[in-house]
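Residue 746 is where the sequence shown ends in full-length UniProt numbering, and the numbering goes up by one at each step. Written out below as structure tokens is the structure these notes cover.
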Amino acid sequence: AQERYTSIRDKPAETLCGEVVKLTMNAGLMADLPSLPTSGAEGVGLFRTELQFLVRNKMPKRAELAATYETVLNAAEGKPVVFRTLDIGSDKVLPYMNPLDEPNPALGWRAIRVGLDKPGVMRMQVQALLRAAKGRPLSVMFPMVAQFEEFKQARDIFLREVERERALGHALPESFEIGTMLETPSLAFAPPQFFKMADFISIGGNDLKQFFFAADRENERVRKRYDTLSVSFLNFLETIVARCKEGDTPLSFCGEDAGRPVEALCFAAMGLRALSMRPASIGPVKHRLRRTNLQELRAVIDQARAEGVETVRPAVLEYLRKG
Ligand code: PEP
Ligand code: MG
424 AQERYTSIRD KPAETLCGEV VKLTMNAGLM ADLPSLPTSG AEGVGLFRTE
474 LQFLVRNKMP KRAELAATYE TVLNAAEGKP VVFRTLDIGS DKVLPYMNPL
524 DEPNPALGWR AIRVGLDKPG VMRMQVQALL RAAKGRPLSV MFPMVAQFEE
574 FKQARDIFLR EVERERALGH ALPESFEIGT MLETPSLAFA PPQFFKMADF
624 ISIGGNDLKQ FFFAADRENE RVRKRYDTLS VSFLNFLETI VARCKEGDTP
674 LSFCGEDAGR PVEALCFAAM GLRALSMRPA SIGPVKHRLR RTNLQELRAV
724 IDQARAEGVE TVRPAVLEYL RKG
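Given below as structure tokens:
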């Protein structure tokens, strides 16, 4: 299937109306890295670091992690890579950590909540990232941040490690960016200072949708009731886009929906200019974007919204069929 898209692999995802959408890939395993050159990805928009923790039967060592992260950066050959700090808990339980007995693990002690309450592992991970990226740019983001204060605390942990490394005389990255995932509705309504402080924001649509609709992402029965192209979800995306614009915060979308061509087109029509997805989706998404006029598509979406529909999907599909 990939061969179909080789002719556009090195071309930009430029729409008929002249907008350029940055397409990056999601990764997490060393086996994903060969897809960087073959998919046409402009970088890694989400590197899920928990996989190195999940595949081992004991806590990985700092040097092992640093070597892994260095391999990733080398494979990227200067293209940007966004490392997400450890996202454990809920569906991702480490075999060497005591499982928690929580009634609602998705709403429980997970991701950055663990990182802030027990910062040892996060600090070790940040040290490994700083060492791996020495002399090169480093981008880091935090999972499941629900409020400004959590972002500030996580950012402080990172900055403290930078100072510690500096004091130890270790070489540092050439530059760094500290961003966050937006996976809880609350973060979209954080104060404007949050948007100013975050170097970038990446929407984790899998979790964001789960919490927006109060529908378990692992439970097909409830998950399928709610369309990503529902008017409520698009209205919410519109708010996030506007708040990021006010704060001058670069915004991307890295949940699974970014790799679905119709959803990707609608996200772009709502103002998203960076999408991160599984490598195999880059070709199909780029192909569709290059044949779409986003202004026209936005008018179709706005018309459907004005009519009071539940989801814009039928109107969008109808428009794409005719086009
Ligand atoms: C998400 O929630 O959309 C996301 C990208 O993170 P994960 O799927 O790893 O939770
Ligand atoms: Mg998530």
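Think of the CB as a built atom: it goes at the ideal place given N, C-alpha and C, for glycine as much as any other residue.
If you draw a straight line from the C-alpha of residue i to the C-alpha of residue j, how long is it?
i	j	result
Met700	Arg589	35 angstroms
Leu740	Ala665	26 angstroms
Asp510	Phe571	18 angstroms
Gly670	Thr508	24 angstroms
Pro566	Gly628	12 angstroms
Val516	Lys434	40 angstroms
Pro522	Glu473	16 angstroms
Leu712	Thr438	5 angstroms
Ile663	Leu452	30 angstroms
Ala621	Glu643	34 angstroms
Arg432	Ala703	12 angstroms
Ala569	Cys689	25 angstroms
Val585	Gln550	8 angstroms
Phe581	Ala534	15 angstroms
Asn497	Arg536	31 angstroms
Ala490	Val478	16 angstroms
Val563	Ser458	21 angstroms
Val544	Gly538	7 angstroms
So for residue i, helix, strand or coil by DSSP?
i	result
Arg485	helix
Asn521	coil
Lys541	coil
Phe571	helix
Gly602	strand
Arg533	coil
Ala436	strand
Phe623	coil
Ala450	strand
Ala595	Before going on, a small fix: residue 595 reads as Leu here, not Ala. DSSP places Leu595 in coil when its eight states are reduced to three.
Val685	helix
Arg648	coil
Leu456	coil
Phe636	helix
Can you pull the DSSP bridge partners for residue i?
i	result
Val549	Bridge partners of Val549: none, in fact.
Gly512	Lys515
Thr734	Ser653
Lys557	Pro596
Ala697	Lys445
Arg507	Arg471, Met564
Determine whether the beta carbon atoms of residue i and residue j lie at a separation below 8 angstroms.
i	j	result
Arg646	Ala637	no
Leu631	Gly694	no
Ala691	Leu717	yes
Ile705	Ser462	yes
Val654	Thr734	yes
Ile624	Leu674	yes
Val505	Val467	yes
Ile626	Phe574	no
Glu426	Lys445	no
Ala436	Lys619	no
Val495	Phe470	yes
Met482	Tyr428	no
Under 8 angstroms between C-beta atoms, does residue i make it to chain D?
i	result
Phe470	Of the protein chains in the structure, only one exists, and it is not chain D.
Inspect the CB distances between the stretch 554-564 and the stretch 525-539 and report whether three or more fall short of 8 angstroms. With the cut-off at 8 angstroms, the stretch 554-564 and the stretch 525-539 do not touch.
Given 8 angstroms as the limit, is there contact between the stretch 586-600 and the stretch 637-652, that is, 3 or more CB pairs closer than that? In the pairwise beta carbon analysis, the stretch 586-600 is classified as not touching the stretch 637-652: fewer than three pairs are separated by under 8 angstroms.
Count Cβ pairs between the stretch 480-500 and the stretch 718-733 that sit closer than 8 angstroms; are there 3 or more? Touching, no.
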